[in-house]
Each structure stands twice: as C-alpha cells, then as structure tokens.
Amino acid sequence: MIQQWWKITRTTLSLLALGAVTVTPTAWADQHAETEAAAVRKFTVVNVLYEGDKMFVPSVLVAEQGDTVRIKVVNKIPGEPPNHGFAIPAFDVEEVVNSGETKTVEFVADKVGLFDVKCQLHPAHLSAQLIVHAGGKKE
Ligand SMILES: [Cu+2]
C-alpha cells in the first residue's frame with residue numbers, strides 16, 4: 064500500500080520536476096528575448112517657453128538600435144504661432160502639435176548615430192538630439 068502510494072507520488076514528482084525543467088527555461092527565454100528584441104522606449108517631450116526661448120524638454124533622447132521609440136509630444140507654448148512641429152527627418156517623423164495639445168509619434172530606431180530633432184515649421188525655434196546606440200544587451 065505504502066509502496067504503491069510512493070510509486071504514484073514519485074511519478075508525480077518526476078513529472079512536476081520535468082515540467083519545471085521544461086517550462087521555466089522556456090518562459091525565461093521568451094521574456095529575455097522580448098526585452099532584447101522589442102524594447103519600447105517611451106518619452107514625453109514638452110515644448111516650453113523659458114525666458115523667451117522656445118525649447119524641447121528634454122533636449123536629448125537616447126535609445127538603443129532596434130528599439131521602438133514612442134514619444135509623446137506636448138506643446139505648452141502659449142500664443143502665436145498656434146502650433147509647432149516635431150520632426151526627426153532621419154526616421155521620417157513629422158508631426159504638428161497645436162498649442163495645448165499632445166501627439167504621439169512612434170518609429171523604430173534602426174540607425175545608429177546622432178540625429179536632429181526639430182520643429183520643421185520654425186527650425187530656429189526648437190531643437191533637440193536623438194542618440195541611438197549600437198544594439199547592446201539589455202539587462
Ligand atoms: Cu515651431
């Protein structure tokens with residue numbers, strides 16, 4: 064009786080152990096692959112008027128090659144002109160954001176380097192930089 068019980072228990076434990084051995088690394092690998100291959104880098108960039116100068120805050124965005132970059136652009140500059148642009152020509156990003164409004168742009172940072180971010184409507188007003196690092200391992 065006890066021997067039979069032990070046989071069943073041992074079998075169950077073995078199956079559980081096998082299950083644990085096969086399931087856990089797969090789940091870990093899936094999660095790991097996701098963080099390495101498909102990171103979404105999110106930013107909020109606000110256009111502001113500070114002491115007479117219009118600026119993007121923050122003015123430097125950093126991503127890894129291959130990241131999906133999602134930028135929420137908020138236009139907090141009051142008055143005229145009633146809108147400003149947000150463009151990253153290297154990645155074909157171009158948007159117009161009305162004063163007081165928010166737009167979201169998204170692209171894949173598939174090129175490495177330092178890229179201009181600007182208001183395509185008034186290039187003298189606003190500028191920022193996007194830095195894309197060569198794809199590195201993410202922890
Ligand atoms: Cu502008």
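With the working numbering applied, the sequence shown corresponds to residues 64 to 202, in that order. Think of the CB as a built atom: it goes at the ideal place given N, C-alpha and C, for glycine as much as any other residue. On a predicted model such as this, the values are computed, not experimentally measured, just so you know.
Looking only at its chain, what residues have a beta carbon closer than 8 Å to the beta carbon of residue i, apart from the 5 residues adjacent to it on each side?
i: T167; result: R133, I134, K135, V136
i: A102; result: E127, G129, D130, T131, K201
i: I140; result: N110, V111, L112, K117, H147, S162
Skipping 5 residues on each side, what residues in its chain have a beta carbon closer than 6 Å to that of residue i?
i: T107; result: K135
i: R104; result: A126, D130, V132
i: H196; result: E127
i: V120; result: V109, V111
i: V175; result: Q128, V195, A197
i: F154; result: F170
i: C182; result: H147, G148, H188, L189
Can you have a look at residue i and say buried or exposed, based on whether 16 or more other CB atoms are within 10 angstroms of its CB?
i: D130; result: buried
i: V156; result: buried
i: V180; result: buried
i: E114; result: exposed
i: A112; result: Per the sequence shown, the amino acid found at residue 112 is Leu instead of Ala. Label assigned to L112: exposed.
i: A191; result: buried
i: A187; result: exposed
Could you give the C-beta distance for residue i and residue j, rounded to a whole number, given that I count them as a contact under 8 Å?
i: L177; j: I194; result: 6 Å
i: V160; j: N146; result: 6 Å
i: A158; j: F170; result: Correcting the residue identity first, residue 158 is Glu in this sequence and not Ala. So it is not a contact: roughly 11 Å between Cβ atoms.
i: M118; j: L184; result: About 15 Å separates the two Cβ atoms, so there is no contact after all.
What does a CB cutoff of less than 7 Å around residue i pick up in its chain, not counting 5 residues either side in sequence?
i: G198; result: E127, Q128, G129
i: V86; result: A caution first: V86 carries a pLDDT of 43, below 50, which makes its placement in the model unreliable, though a value can still be read off. None.
i: G163; result: N138
query = At what residue ranges does the segment 127-165 contain a whole run of the beta strand (DSSP E), taking only runs of 3 or more?
reply = DSSP runs (the beta strand (DSSP E)) wholly in the segment 127-165: 131-138, 146-151, 156-161.
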